[in-house]
Amino acid sequence: MAKLSHVLSDLQIRRWIAKGDPIARSDGDGLTFTLSIKGTAAWVLRFSVPGGRRRELTLGNYPDISLAAARELSREKRAQIDRGIDPAAIKQQDKARAAQAWTMRDLVDDFRAKVLNSRNYSASTIESREHDYANVILPAFGSWRVDTVTSIDIVNMLRNAKRTWNITKRLLTSMSMLLDHACGITLIAANPCTGIKITSIMGARPKPRTRMMLTTDEISTLLRGIDDLGKENALAFRILLATCVRGYELVSAKKEHIDLENGNWWVPAENVKTRSGFMVPLAPLVIEWFQELIALSGDSVWLLPSRRADRIKKFGDVNICRSTLWAAFNRAFKRGDIDIRRFTPHDTRSTAKGHLRNIGVSREISEIALNHTLKGMEGIYDVRTEIPERRIAMAKWAEFLYACEHGTTTPEPPKRETPRLRLVA
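Numbered according to full-length UniProt numbering, the sequence shown spans residues 1 to 425.
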């Protein structure tokens, strides 16, 4: 049977596209016009290779490739087939070569666009990964082809970075996530991070630092001189200590999530390490501190907007860096302005936990105050957003801090504990 040749016309094709029904129509000699259910119009060349295997090669989309251009391209590919060349195999090889040409910088860009976003990770995790890529991984491998990076190169990078044990482990995780993505898009067959052990590079993990609980006298000394750090820093620290949140959760607070009328602050999931938003009850005293910060923040959407002119000029209305408050503390410690034991950001939470227990707050409510997940039946059945016992406990804690700062009678532990968490059926 003679082969059909040139049976399609541009008018027919435009009508099929306007109608929108999925079709596949041959123009002859294997050249086929296709219209998908989603409305994508394309040219496909169908042919056979030795052994009788059927093959297809997508030539391109219509109207990017016109009917006349598709016929010319089809003739070129048919000539290759007659010489024993498989154009579909050549196209696959070209794609593979293009993939091999990806640099690590290309890979990071693709990973950022597809994976490293607020749908998948908290803001603090994204910030850590971005820091690792910008400051260590890209300076070491940015121009390297992805498929040339080996486990030996990665170990050398980790050693040369000269970071702490924990940060080195984080760097390895950041690199492994990136190369897992490379495997997923078939740039490489296996992740070269597999098998790398931080203990082999850095030795055994150091013992975790014991969390510090500041004494009542230390809290008093600290709060009475806190204004020396600047008004915004002083208010931010009071709120951080009184609300028991993590530093990043406060730094990332937006005014739209703060309801002073009802005494609530919603911390959205994207700002939380556990990726689960939660409500922070605000005691009357803490509401006053929030009011002062909001007044100082002006028209910014942030509770703690950036104060650096260069940062504002570059990024616009952004929040302060997560290190801003602790940099102020470090400078004060170095100057000898703070006469107490040196503490870390996380010690504010252990301090709050210890004193909450000392002033009679139950273990369950003190755990909830720190946004820890309860274990057992309490964690399963109590799904309240508003927990009155927590609000009472947070008010008592704020009063304790006020008493420490202003030299009023030092609060004594009550003879009875505040109400324990009630199970909710």
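For each residue, glycine too, the CB sits at the ideal point set by N, CA and C.
A quick note: this is a predicted structure, and the numbers were derived from the prediction, not measured.
Would you call the CB atoms of residue i and residue j closer than 7 Å?
i, j, result
"LEU8", "GLY30", "no"
"LYS255", "LEU303", "yes"
"residue 434", "SER306", "Any answer about residue 434 is impossible in this case: the structure gives the chain only from 1 up to 425."
"LEU214", "GLU292", "no"
"TYR248", "ARG163", "no"
"ARG129", "SER174", "yes"
"TRP289", "MET279", "no"
"THR103", "SER143", "yes"
"ILE340", "THR216", "no"
"VAL136", "LEU187", "no"
"LEU240", "LEU250", "yes"
"GLU389", "ILE365", "yes"
"ILE219", "CYS404", "yes"
"SER36", "PRO50", "no"
"PRO206", "SER151", "no"
"ILE17", "TRP43", "no"
"ASP317", "SER300", "yes"
"ALA332", "VAL361", "no"
"PHE33", "ILE81", "no"
So if DSSP puts residue i in a beta bridge, which residue, or which two residues, is it bridged to?
i, result
"ILE258", "TRP265"
"GLY60", "TRP43"
"PHE278", "VAL267"
"VAL49", "ARG53"
"ASN319", "PRO305"
"ARG25", "PHE33"
"THR103", "ARG145"
Please state the DSSP three-state secondary structure of residue i.
i, result
"PRO305", "strand"
"ILE380", "Interpretation of ILE380 is limited by its pLDDT of 41, a score under 50 that renders its predicted location unreliable; the figure taken from the coordinates is listed afterwards. In the structure shown, ILE380 sits in a helix (DSSP, three-state: H, G or I)."
"LEU187", "coil"
"LEU401", "helix"
"GLY142", "coil"
"LEU31", "strand"
"ASN135", "helix"
"ASN166", "helix"
"THR408", "coil"
"ALA425", "The predicted model places ALA425 with a pLDDT of 36, which falls under 50 and marks its position as unreliable; any figure quoted below should be read in that light. If DSSP states are grouped into helix, strand and coil, ALA425 belongs with coil."
"SER200", "helix"
"PHE333", "helix"
"HIS6", "coil"
"MET394", "helix"
"ILE65", "coil"
"ALA327", "helix"
"ALA234", "helix"
"ASP86", "coil"
"PRO208", "coil"
"TYR248", "helix"
"TRP16", "helix"
"ARG129", "helix"
"HIS355", "helix"
"LYS91", "helix"
Measuring alpha carbon to alpha carbon, tell me which of the options ends up nearest residue i.
i, options, result
"LYS91", "THR58, ARG71, ARG331", "THR58"
"ASN371", "ASN358, LEU73, ALA269, ASN166", "ALA269"
"ASP347", "TYR62, CYS404, ARG209, GLY277", "ARG209"
"ALA369", "ARG342, PRO281, LYS313, ASN330", "PRO281"
"VAL149", "THR125, ILE312, GLY316, LEU179", "LEU179"
"ALA352", "ALA89, ARG238, THR168", "ARG238"
"GLY232", "PHE329, THR103, ARG390, ALA393", "A quick correction: the sequence has Glu, not Gly, at residue 232. Out of PHE329, THR103, ARG390, ALA393, PHE329 has the C-alpha closest to the C-alpha of GLU232."
"ARG53", "ALA89, THR216, MET212, SER300", "ALA89"
"SER122", "PHE333, ILE188, ARG342, SER252", "SER252"
"LEU260", "GLY20, ALA283, ARG275, THR243", "ALA283"
"THR40", "ILE196, ILE85, ALA69, ILE13", "ILE13"
"LYS396", "ASP106, ASN264, THR243", "THR243"
"ASP110", "LYS197, GLY203, ALA68, MET177", "MET177"
"ASN264", "ILE387, HIS406, ASN160", "ILE387"
"ARG105", "ASP82, PHE141, ALA189", "PHE141"
"ARG211", "THR344, HIS131, LEU325, ARG246", "THR344"
"LEU138", "ALA161, ASN117, ARG78", "ALA161"
"ASN166", "MET202, MET157, HIS131", "MET202"
"MET157", "ARG308, TRP326, ARG311, ILE196", "ILE196"
"ARG349", "ASP153, ARG342, VAL245, THR324", "VAL245"
So residue i and residue j are in contact, right, with Cβ under 8 Å, and what is the actual spacing, rounded?
i, j, result
"TYR133", "VAL108", "5 Å"
"VAL146", "ALA182", "5 Å"
"ASP86", "ARG55", "7 Å"
"GLY225", "ILE338", "7 Å"
"LEU401", "LEU223", "7 Å"
"LEU67", "ASP10", "5 Å"
"ARG112", "HIS6", "Not confirmed; about 48 Å, so no contact."
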